[in-house]
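Under our numbering, the residue at position 39 of the sequence shown is numbered 39, and the numbers go up by one with no gaps.
Glycine included, every Cβ here is placed at the ideal spot set by N, Cα and C.
The model shown is predicted, which means the values in this text are computed figures rather than measured ones.
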Amino acid sequence: MSKRKKVGILIGLLFLIIGSGFTGYMLHEGQQEAPEPVQKTKQEKQKQTVIDVKGANETKEAAEPSVSEETATVAKEIREVNEALVNAYFSYSSVQEQFQHIMPLATKSFQTKMQEAAGIGGEGVKSHIIKRQAFWNDDRTLHPEMTNLITQRVAVNGSEYEQTSYMRIVFEKEENQWKMADMAITLVGSTQKGS
């Protein structure tokens with residue numbers, strides 16, 4: 001090998017060593033500074049996830065910061081009417097008592113539907129709520145909607161049983177108040193308790 005080639009290889013190796021050392025140094029410095037902001041971002045995401053999950057599982061009266069005050073007020077009003085409706089529907093001593101509590105909370109068109117179906121229940125039926133969960137449906141802005149999961153104890157002619165149902169309520173503003181415009185109840189299950 002000629003002297004010139006040896007010098008060229010040595011200079012090349014020297015540049016390679018210096019370049020590798022410089023690159024290693026820069027990567028090492030970058031790793032020390034980067035974890036703190038990345039770690040903060042991860043912590044913020046974890047906090048947001050916890051808040052989002054917690055918010056989904058709980059019925060809250062307070063609005064999220066991104067929701068306007070008007071929307072928060074509407075949501076609060078609807079939640080109050082929803083609670084009154086669920087209590088009226090599932091806690092009663094007679095069908096007549098049930099209707100007396102539901103009618104003021106329903107739109108006129110829904111009241112007509114209820115009166116047509118008035119002969120369905122019996123006077124020997126009593127019910128009260130054991131457990132209730134309410135879920136707000138944010139997707140519906142024109143006609144807000146809530147879904148309720150209700151467990152009730154029903155007594156019919158001396159026999160008692162527990163019944164779990166989903167109740168979906170669609171709301172509409174009538175006479176400057178939120179009222180039930182439509183409703184659907186789906187039985188999830190029931191268990192005989194005794195006779």
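A straight-line Cα-Cα distance of about 15 Å links Gly21 and Ile11.
Of Phe135, Lys5, Ser93, Lys173, the smallest CA-CA separation from Leu105 is found for Lys173. Within the same chain, and ignoring the five residues on either side of Ile185 in sequence, the residues whose Cβ sits closer than 6 Å to its Cβ are Ser165, Met167.
Assigned with DSSP and collapsed to three states, His128 falls in strand. Shown here, Ser165 sits in a strand according to DSSP, grouped into three states. Take the alpha-carbon of Ser94 and the one of Gly124: they are about 7 Å apart.
For Ala72, no beta strand (DSSP E) encloses it; the enclosing alpha helix (DSSP H) starts and ends at 69-90. Val170 and Gln133 have their C-alpha atoms some 16 Å from each other. Around the C-beta of Met146, 16 or more other C-beta atoms lie within 10 Å, and the residue is accordingly described as buried. Burial state of Gln152 is buried, judged by a 10 Å Cβ sphere holding 16 or more other Cβ atoms. In the DSSP annotation of this structure, the continuous segment of the beta strand (DSSP E) that includes Glu145 starts and ends at 145-156. Here DSSP, grouped into helix, strand and coil, assigns Ser159 to strand. Annotation: Gln98 to Gly189 spans about 22 Å, alpha carbon to alpha carbon.
For Glu97, the enclosing alpha helix (DSSP H) covers residues 95-102.
With a cutoff of 8 Å on beta-carbon distance, Phe110 and Ile150 are scored as not near each other. Close CB contacts of Phe135 within its chain, under the 8 Å cut and outside five residues either way in sequence, are with Thr59, Met146, Thr147, Asn148, Leu149 (chain order). The continuous stretches of alpha helix (DSSP H) do not include Ser2, and DSSP gives it neither H nor E. Nearest neighbour of Leu142 by Cα position, chosen from Ala75, Ser2, Gln100, Arg4, turns out to be Ala75.
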